[in-house]
Structures are given as structure tokens and as C-alpha cells.
Amino acid sequence: MLSESAWNRGAVRRQLIADANAHFGYSSALVIDESAFAKKGDMSAGVARQWNGRLGKTDNSQVGVFAAVVRDRVAALVEGELYVPEDWFADAARCQTAGIPEGVEFCTKGEMALNMIHRLRREGLRFSHVVTEETPKGLAARHFKDLIEERSGGRIHVQVFPNGRLYGDHDEIQALKLGAVDLVAPSLSKFGRIGLPEFELFDLPFVFDNLNAVRRITLGPLGQRLLDGLPRQGLVGLGYFDNGFKQMSANRPLLEPRDFVNLRMRVQASRVIAAQMRALGARPVTLAFSETRRALAAGVVDGTENPISNFYTQKMHEVQSDLSLTEHGYLGYAVVTNERLWRHLKSTDRELIHQALREALAFANQSADTQNQQALQALRQAGTTRIHSLNQEQRTRLRRAVQAVQQQLADRIGNGWIKALQQVLSQG
Ligand code: SIN
Numbered sequence: 074m075l076s077e078s079a080w081n082r083g084a085v086r087r088q089l090i091a092d093a094n095a096h097f098g099y100s101s102a103l104v105i106d107e108s109a110f111a112k113k114g115d116m117s118a119g120v121a122r123q124w125n126g127r128l129g130k131t132d133n134s135q136v137g138v139f140a141a142v143v144r145d146r147v148a149a150l151v152e153g154e155l156y157v158p159e160d161w162f163a164d165a166a167r168c169q170t171a172g173i174p175e176g177v178e179f180c181t182k183g184e185m186a187l188n189m190i191h192r193l194r195r196e197g198l199r200f201s202h203v204v205t206e207e208t209p210k211g212l213a214a215r216h217f218k219d220l221i222e223e224r225s226g227g228r229i230h231v232q233v234f235p236n237g238r239l240y241g242d243h244d245e246i247q248a249l250k251l252g253a254v255d256l257v258a259p260s261l262s263k264f265g266r267i268g269l270p271e272f273e274l275f276d277l278p279f280v281f282d283n284l285n286a287v288r289r290i291t292l293g294p295l296g297q298r299l300l301d302g303l304p305r306q307g308l309v310g311l312g313y314f315d316n317g318f319k320q321m322s323a324n325r326p327l328l329e330p331r332d333f334v335n336l337r338m339r340v341q342a343s344r345v346i347a348a349q350m351r352a353l354g355a356r357p358v359t360l361a362f363s364e365t366r367r368a369l370a371a372g373v374v375d376g377t378e379n380p381i382s383n384f385y386t387q388k389m390h391e392v393q394s395d396l397s398l399t400e401h402g403y404l405g406y407a408v409v410t411n412e413r414l415w416r417h418l419k420s421t422d423r424e425l426i427h428q429a430l431r432e433a434l435a436f437a438n439q440s441a442d443t444q445n446q447q448a449l450q451a452l453r454q455a456g457t458t459r460i461h462s463l464n465q466e467q468r469t470r471l472r473r474a475v476q477a478v479q480q481q482l483a484d485r486i487g488n489g490w491i492k493a494l495q496q497v498l499s500q501g
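If you count by my numbering, then the sequence shown holds residues 74 to 501, one letter each, in order.
In C-alpha cells, the structure reads:
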């Protein structure tokens, strides 16, 4: 059993690092919170078991709460410090259950912010995303990098990690909160899952007639009010940008509600999108973006929805015979950063970053439509997938089939938010 004296910061860190090395070849370790641990799953289980043994505990999950090992690149970013959320430490009973003796010193949130700043000076801003470089998001990130590096005279460097190379959509926000990356741009559909369900109003089917209608929200006071809620989760929202309208794919045309019946449709982690699929008679299956193509190829799911640029750049056309141009819903993004990092930046750097982002996002909005058109053209040339346009009656029938979703999800999104949305849209 681990002696109490061994629970000083250095020893704990050294031991975790040694364990991490022995088990996984990772060279650093970091204490992370319960939810993150749960997502790391197997990767940390071996280490958790070892710590269990030392602490004489039989319940792996207790140890896992504070002894999870993360990848080398994550831990390096917080300079090997141990971090446990402060509120967690304030809970003496919880600490006791987990076997953490009193007086153990861990890195506080303030220290963590300083670590982030040091790391930022050394390595620059890290922008992680899950799509390819040729998509609207990939181009926006690239454009931001070019702008900020030029305007700061090379002082602020940006590393862009595309295609889920660092994190997938299940862990990128967690990584941002822990200071492992500095900027992410999740689709708006992924904010509900982290305690901001009001963002799911963007997922309501057939609610936006065109991109101008979307812009009245994203560039107006309602969009700002939504971003103002992000600090609740330790995040700051720096702006929105488009991908575009989503289309439906499967191995058959999807033109009428009856075409969807019993299909397993991959969806993002949004209750609104899941309800939309159910309303059409399909079975929603929530999967990370990076897993979608493989799941389609293996027949784990039958179809999916996405703008064409995402569909094409993930090569989903190689595994789906039909794409139906339903344009039934919108997919856009919010660029977010870590609130502590943002607060600790010099105000001149904050303004530099914000301005470069504003311009990169405006550029993305101008080019997203072109990206989707080019992807459609490339898809036609590839000839692997039949492309179907819907006539007005078919769109009307799809719209009617999903009409009840707004009412069903009003409590989750919040009636006030829905009313505010309707008010802005009715003014157009
Ligand atoms: C993205 O565009 O970031 C991914 C969207 C999805 O998960 O479908």
C-alpha cells in the first residue's frame, strides 16, 4: 500500500510517469477528472488497477478518478503538473474515499493557466479539429494561422491539428478545458452534450430557409447571448462560422419519410438530431465523426447526414450508394478557447487573436458554399454515388414529418430560446 509520505507532488508524478512508461510507453502523466477518465477507458485502466493495488482498494473507478494517464502530448502541455478540479478537492469526503491524504498539494487552476501561457510561448497556439484540411473548417483554421503569424511578425505561432489527429469530438472539449489545446471549433450540435442544450436550436430541422437566416442569429444579439453562456463550462466563444446545409445519405434514395423507416442513421450527439431521425422512422446511432465512415463501411449504420464537403472529404461516397439533397438542417461551428487562458493573455494579444479569427471566419463563410459546390462536382465525377434532388412536395412531406420535433425538444432547448429564434427569423 502506498504510504502517505509518498503522496507528495513529485513522488506521485514520478510514479505515475513510471507506470505510464511501463504500461503504455507514455512519458508523462496527468490527473484528470472523473468524466475525462471515463472516456479514456481502457487506456487508463491498467494504471488504475496498479494504483488500486497500492492503495489496497478493490474498486477501480475510485482510483481512476485521480490517477488517469493521458497521452504524452497532453501532459507535456501542462508541464507534467498534476491537476484536479478545485471543487473536487474541496470535497473532503470524496478525497477520503479516493484515498488522497490531507495536505496533498496539487496544481490549482491558476497555476494551470500559467502553465498554459508558458506552453503557448514555447509551442504557440494549438488548434485541433476533426475534419480534413480541405473542408470549410480546415480552411478557416489555416487562414487564421496565416493571418496571426503574419500580423504578430511570427511571435504567435499556430499549430493546426486536423482530422482528429489529436482529439476526436468526444474529447476535444475536455482537452481544451485541461489546457492541452487552445482552440477547437466543434459543430454547434456538440454543445448540448457539455451542458449547453440551447445550442441545439441550430439543429432544428427546416428552421432556416437559407444562410442569411442563419447569419441573423450567428451575427446578431441572439448568437452573442448563446456564446455568453460558454463561461459556465470554462470556455469562451470567439465566433461562429458555417459549413452549410446537410444532406442525407444511405444505400437507397431518401426522398420520402417512408424511405427512412428502420434505417440506422449515424447522428452527432444532439438530442434534436436524434429526435429528427426518430420522427422520420429511423433509428439514430450517435457516433464520433471519425468513426462514421468505418461504421458505414461495416454496415454498423446504414446512413448519415452531413454537408457534402464533409461527406466527400471523408470518402463516405465510397461506401454509400445514394445521396439525397434534402437540405433539411444546418451545420455550423463555434470557435472556443479556454476561459482561463483567455483571461491570462495580454489584452493586445487577445485583440490580435480575436481580430484574426473574425477575418478567418468571414473568409470561411464566404468560401464554405464554394467548398460544398466543389465537393458536389467531385462527387458527380467520382460516379460512385447517385445524387437525388427532391421536388417541392417531397420536401414538404419531410418537413411535415419532423414538425413535432421543435415542440418535443422545447423543454430541453428552453422555450425562451426557441421564441427568441422565431422572433428573429420572423423579422427577416
Ligand atoms: C464537423 O464538421 O466538425 C463534424 C460534423 C459531424 O460530426 O458530423
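Note that CB positions come from ideal geometry on N, CA and C, so glycine has one too.
These numbers were taken from a predicted model, which means no experiment stands behind them.
Check each candidate in the options and name the one with the smallest Cα separation from residue i.
i      : options                           : result
Asn335 : Gln428, Gly376 and Gly227         : Gly376
Leu198 : Ala455, Ser462 and His427         : His427
Asp464 : Glu400, Leu360 and Val475         : Per the sequence shown, the amino acid found at residue 464 is Asn instead of Asp. Asn464 has its Cα closest to that of Glu400, out of Glu400, Leu360 and Val475.
Arg215 : Leu299, Leu430 and Arg351         : Leu430
Gly252 : Arg472, Phe234, Gly307 and Pro278 : Gly307
Glu271 : Ile486, Ala451 and Arg238         : Ile486
Phe279 : Arg305, Ile346, His390 and Gln341 : Ile346
Lys319 : Glu223, Gln349 and Val233         : Gln349
Ala342 : Thr205, Ala355, Ser260 and Ala493 : Ser260
Ile221 : Lys263, Val231 and Thr359         : Val231
Gln297 : Leu311, Leu284 and Ala286         : Leu311
His243 : Ser225, Gly226 and Ile267         : Ile267
Tyr406 : Thr421, Ala433 and Leu418         : Ala433
Leu300 : Leu277, Ala213, Gly265 and Arg339 : Gly265
Pro380 : Met338, Lys492 and Gln444         : Gln444
Met321 : Asp315, Phe314 and Arg337         : Arg337
Glu378 : Ser262, Lys419 and Ala435         : Ser262
Ala323 : Thr365, Leu418 and Gln495         : Thr365
Is residue i near the ligand SIN, going by C-beta to nearest heavy atom under 7 Å?
i      : result
Lys210 : yes
Gln447 : no
Val358 : no
Ser462 : no
Asn379 : yes
Ser201 : no
Gln476 : no
Leu404 : yes
Gln320 : no
Gln341 : yes
Phe275 : no
Val204 : yes
CB-CB under 6 Å to residue i, same chain, minus the five flanking residues each way: which ones, in chain order?
i      : result
Arg459 : Asp395
Leu353 : Pro330, Phe333 and Ala474
Asp484 : none
Gly287 : It should be pointed out that residue 287 corresponds to Val in this sequence rather than to Gly. Contacts found: Phe281 and Tyr403.
Gly114 : Here the model assigns Gly114 a pLDDT of 36, short of 50, so the residue's position is not dependable, and the following value carries that caveat. Cβ neighbours of Gly114 beyond the five flanking positions: none.
Asp359 : Per the sequence shown, the amino acid found at residue 359 is Thr instead of Asp. For Thr359, where only same-chain residues beyond five positions count, the Cβ hits under 6 Å are Val340 and Ala342.
Lys492 : none
Please go through the same chain and pick out, in chain order, the residues whose beta-carbon is closer than 7 Å to the beta-carbon of residue i, but skip the five residues on each side of it.
i      : result
Val309 : Leu303, Val409, Thr410, Glu412 and Trp415
Asp219 : none
Gly176 : Bear in mind that a pLDDT of 39 at Gly176, under 50, signals an unreliable position, so the number given afterwards is only what the model happens to contain. For Gly176, where only same-chain residues beyond five positions count, there are no Cβ hits under 7 Å.
Leu471 : Pro330, Thr399 and His401
Thr205 : Gly211, Pro235, Asn236 and Thr386
Val497 : Arg289, Ile290, Gly293 and Leu295
Thr457 : His390 and Glu391
Glu363 : The question names Glu, but residue 363 is Ser in the sequence shown. The residues are Val203, Gly237 and Gly241.
Skipping 5 residues on each side, what residues in its chain have a beta carbon closer than 8 Å to that of residue i?
i      : result
Asp255 : Met189, Leu193, Leu198, Arg199, Phe200, Leu249, Thr410, Asn411 and Leu414
Glu466 : none
Gln500 : Arg289
Lys112 : For Lys112, the predicted model reports a pLDDT of 35, less than 50, meaning its position is unreliable and no value from the coordinates is stated.
Leu482 : Glu273, Leu277, Arg344, Val345 and Ala348
Pro326 : Asp332, Asp395, Ser397, Arg459 and His461
Arg305 : Gly268 and Leu269
Any beta-carbon of chain C closer than 8 Å to the one on residue i?
i      : result
Ser440 : Within the model displayed, chain C is absent; a lone protein chain is all it includes.
In chain order, each beta strand (DSSP E) run of at least 3 residues that lies wholly inside the region 429 to 475
459 to 462
Completely contained beta strand (DSSP E) runs for the region 304 to 381, where each covers 3 or more residues
308 to 318, 320 to 323, 337 to 340, 356 to 359 and 376 to 379
Residue ranges of each beta strand (DSSP E) within the region 249 to 295, 3 or longer
none
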